[in-house]
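A.B. asks:
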Amino acid sequence: MNPQPTPLPPALALDEPARRRIGWNRDGVDGGPTSIQLLLLWITAGANYRQWMASPFHTHEREVACTEIQLFMQTQGDISRDPRGIISVSTA
Numbered sequence: 010m011n012p013q014p015t016p017l018p019p020a021l022a023l024d025e026p027a028r029r030r031i032g033w034n035r036d037g038v039d040g041g042p043t044s045i046q047l048l049l050l051w052i053t054a055g056a057n058y059r060q061w062m063a064s065p066f067h068t069h070e071r072e073v074a075c076t077e078i079q080l081f082m083q084t085q086g087d088i089s090r091d092p093r094g095i096i097s098v099s100t101a
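Quick note on our numbering: the sequence shown kicks off at 10 and runs consecutively.
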């Protein structure tokens with residue numbers, strides 16, 4: 010007996026533009042700092058490293074820290090990153 014084939018994920022709608030991924034080391038705006046530079050600045054400032062290491066992965070505290078990093082990136086470098094992307098790059 011053959012198992013049922015796995016259904017394919019739905020295709021992208023044609024009216025939705027494909028998003029191009031930009032590397033964390035190449036997304037600086039007008040010569041400004043890149044996302045990875047801003048992440049390093051945030052993690053080395055004050056008690057941020059301790060806050061990050063104290064928050065278990067996949068918890069509300071980690072989401073709060075990622076949202077704080079996202080706001081820091083927007084205000085310091087005019088860079089928009091999704092908090093989920095921040096989690097993935099910082100745990101790699």
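All residues carry an ideal CB built from backbone N, CA and C; glycine is no exception.
Of the residues 87, 92 and 58, which one's Cα is nearest the Cα of residue 40?
C.D. replies: 87
A.B. asks: For residue 102, which three-state DSSP category applies?
C.D. replies: Residue 102 is absent from the structure shown; the chain starts at 10 and stops at 101.
A.B. asks: Just reading off the alpha helix (DSSP H) that residue 51 is part of, what are its end residues?
C.D. replies: 44 to 53
A.B. asks: In this structure, how does DSSP classify residue 76 when only helix, strand and coil are distinguished?
C.D. replies: helix
A.B. asks: Look at the alpha carbon of residue 56 and the alpha carbon of residue 43, and state the distance between them as a whole number of angstroms.
C.D. replies: Each residue's alpha carbon lies about 22 Å from the other.
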